[in-house]
Each structure stands twice: as structure tokens, then as C-alpha cells.
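*Asks:* In case it helps, this note's numbering puts the sequence shown at residues 71 to 348.
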Amino acid sequence: MNWKTVTLSACMLVALASCAKSPTGRSQLQLYSSSELNKMGAASYEEMREEKKINDDAEVNAYVRCVSDALVENLPGNYSEMDWQVAVFAEPAVNAFALPGGYIGVYDGLIEVAENQHQLAAVIGHEIGHVIAEHSNERISSNMMVGLGLQLGGILASTQLDNDKAGLLMAALGVGAQVGILLPYSRTHESESDELGMEYMADAGFKLEEAPELWRNMQSASDGKSPPELLSTHPNPQTRIKDLEALIPSLQERYSAARAAGNTPDCQRPASVGSSDK
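1) Please confirm whether residue 164 and residue 177 have their CB atoms less than 8 Å apart.
2) For residue 256, which option in 274, 279, 305 and 289 has the closest C-alpha, if you only look at C-alpha atoms?
3) When DSSP builds the beta bridges, which residues end up paired with residue 155?
4) Less than 8 Å separating the beta-carbons of residue 274 and residue 144?
5) Quick check: the Cα distance between residue 326 and residue 141, rounded to an integer number of angstroms?
6) What residues match up with residue 168 in a beta bridge as DSSP calls it?
7) Restricting to Cα atoms, I'd like to know which of 331, 102 and 195 is closest to residue 136.
8) Grab me the residues of residue 180's own chain with a C-beta within less than 8 Å of its C-beta, minus the 5 sequence neighbours each way, in chain order.
9) So, does the region 91-107 touch the region 304-318, judging by three or more C-beta pairs under 8 Å?
10) Starting from residue 337, follow the alpha helix (DSSP H) in both directions and report where the run begins and ends.
11) Taking residue 115 as part of the alpha helix (DSSP H), name the residues at either end of that continuous run.
12) If you run the structure through DSSP and keep just helix, strand and coil, what is residue 99?
13) Measure the alpha-carbon distance for residue 227 versus residue 212 and round it to whole angstroms.
14) Give the secondary structure of residue 277 by DSSP, where H, G and I count as helix, E and B as strand, and everything else as coil.
15) What do you get for residue 277, buried or exposed, if any count of 16 or more other CB atoms within 10 angstroms of its CB means buried?
16) Assign residue 96 to buried or exposed, taking buried as 16 or more other Cβ atoms, counted over all protein chains shown, within 10 Å of its Cβ.
17) Would the beta-carbon of residue 155 fall within 8 Å of that of residue 335?
18) Is it right to say residue 138 is buried, meaning 16 or more other beta carbons lie within 10 angstroms of its own, or is it exposed?
19) Count the other CB atoms within 10 Å of the CB of residue 207; is the residue buried (16 or more) or exposed (fewer)?
20) Can you tell me the Cβ-Cβ gap for residue 285 and residue 311, rounded? I've got them flagged as a contact below 8 Å.
21) Look up residue 90 in the DSSP assignment and say whether it is helix, strand or coil.
22) From residue 169 to residue 201, what distance separates their C-alpha atoms?
Next up, the structure:
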């Protein structure tokens, strides 16, 4: 591919890009339609269900479904009307996900670490936040644009510089793209989803103060091992806890209104997975 083709491709993508706004008002690059993302989400969900072992324990599934339903019923727009699919994976990973199209996955390891319904809601709400903010669209679109930029940079470097300098430039472009664009984007997504997840917790009537507690549990489960924040796709645990705690006062009125309106979730954590619900 020559530089004219790459440049033309980049210009066409920029022209077609959607000038979108996230739920928090942040500008976003989106090159894909919601229907395309939904198809990707459905395919990924089915693939995971085929490849991973499913936990078929009725009590555990009812618990995760209860927490998910309480959140979904109070989501904004059409998201509360979607038929969200929920699966529990019999794996020790402390993880969960939500995919475009309405798919939620929770791992056994997370149910162990999340001590109660409120802490589990903090993670599921956070993952739903990624879907509603269309972070996957933004992430894929950014990767595509960075890839085109690196191709263009490589072509220019090979035509303008000797081989040694061209190699150094490409190495710098690669590291620069990863640290300067892709990773910070991911940290932005994580922080934005934390904020959205807290809003969904408040609207559903889950206890907000349990969100930072969940991340303290996460930190303990990781044995203190985490990469420097600058080179991580996630905020530093202490930064995350501090930011979550700072959000609580602004959402207390919203939480109280939800509870007064009858949003009082009562999802019982099975005794088989640890301590009782709070």
C-alpha cells in the first residue's frame, strides 16, 4: 500500500467518523454503527459460551441475574427495555464483562471477591457503562486510525530516511501510539465507566459506599501486584478508590430518591460462595 492510498483511506475514515458524545459529554470517535457493534457483541458472547465452562448452579445464577435485573430496570433510554442475556462462567478469574447488544458475563472469581450484592452491582454497573458509552466502538475506531497512522508513518520514513533512522522512527511511533493514545483512552474509559456505574447503582438502590470497598477487595486479591498507572489500561487502585469515594456525596440524593421510590434490591448471595450479604 503506497502513501497516497493510506492517506486517502485515512481521510475517508475521518470524513465518515461520527461526531458522538459519551453520556458524560466527552467527544468520541465512532466509525461503526450500533448494529455492527451489536453483531460483534452477539458473536463474542456465543463464542465465549462455547469455549468456557458455564456455572449451572441455580442459586448462583439467580443471584447474578437478580443483581443484573435490578440494574437493567433502571438504565437510561432503551437500554432498560433490552433483553439482557446473563451468563456465569465457572472460572476463578476475578472478572466480568458486558457486550454491545445486551450481554453480561460474570466469573466465579468475582462472586468470591464481591462480598455482597452491592459490590457485585458495582462491577456489573461498571461493565454496562462501557456498553452504554460505546467504548468498544471508540476503542476499535481508535485502533483503526492509529494503524493507518503507523502505516503512513512507515511509508514516509522509508522514503525520507535511511534504514537505521527509519527503524528508530517506527519504534518511536509504535511506543508513542501505545502510551500516548491507546492506553490513556482505556484509562479514560475505565474512569468514565466507574462514574456511570455509580449512577446506575444509585438509581437501582444499591449502597454506593460498597463500590470503593469492592476495589479494596480487588486490591487485596491482586496481592499488591499492579503495573505503574502510566503504563496501565486501568487506573491505579488507590486512585480508583479515591475517585469513587469522591462521587458518593453527589449521588446520595439520587440514591435516597430511588430507595424512596421502592428500589430496594434484595439479592441474596448464596452461602456456598462465602460470607452473607450485607
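For glycine and all other residues, C-beta sits at the position ideal for the given N, C-alpha and C. Here the structure is a predicted model, which is why all the values come from computation and not from measurement.
*Replies:* The answer reads as follows:
1) yes
2) When C-alpha distances from residue 256 are compared across 274, 279, 305 and 289, the shortest belongs to 305.
3) 173
4) yes
5) 16 Å
6) 174
7) Among 331, 102 and 195, the Cα nearest to that of residue 136 is on 195.
8) 163, 164, 165, 166, 190 and 193
9) no
10) Per DSSP, residue 337 belongs to no alpha helix (DSSP H) and is neither H nor E.
11) 104-121
12) strand
13) With a pLDDT of only 46 at residue 227, under 50, the local geometry of the prediction cannot be trusted, and no value is derived from it.
14) coil
15) buried
16) exposed
17) no
18) Buried is the call here.
19) Classification of residue 207: buried, given that the 10 Å Cβ count is 16 or more.
20) About 5 Å; that satisfies the 8 Å criterion.
21) Residue state, collapsed to three classes: strand.
22) Those two C-alpha atoms are separated by around 6 Å.
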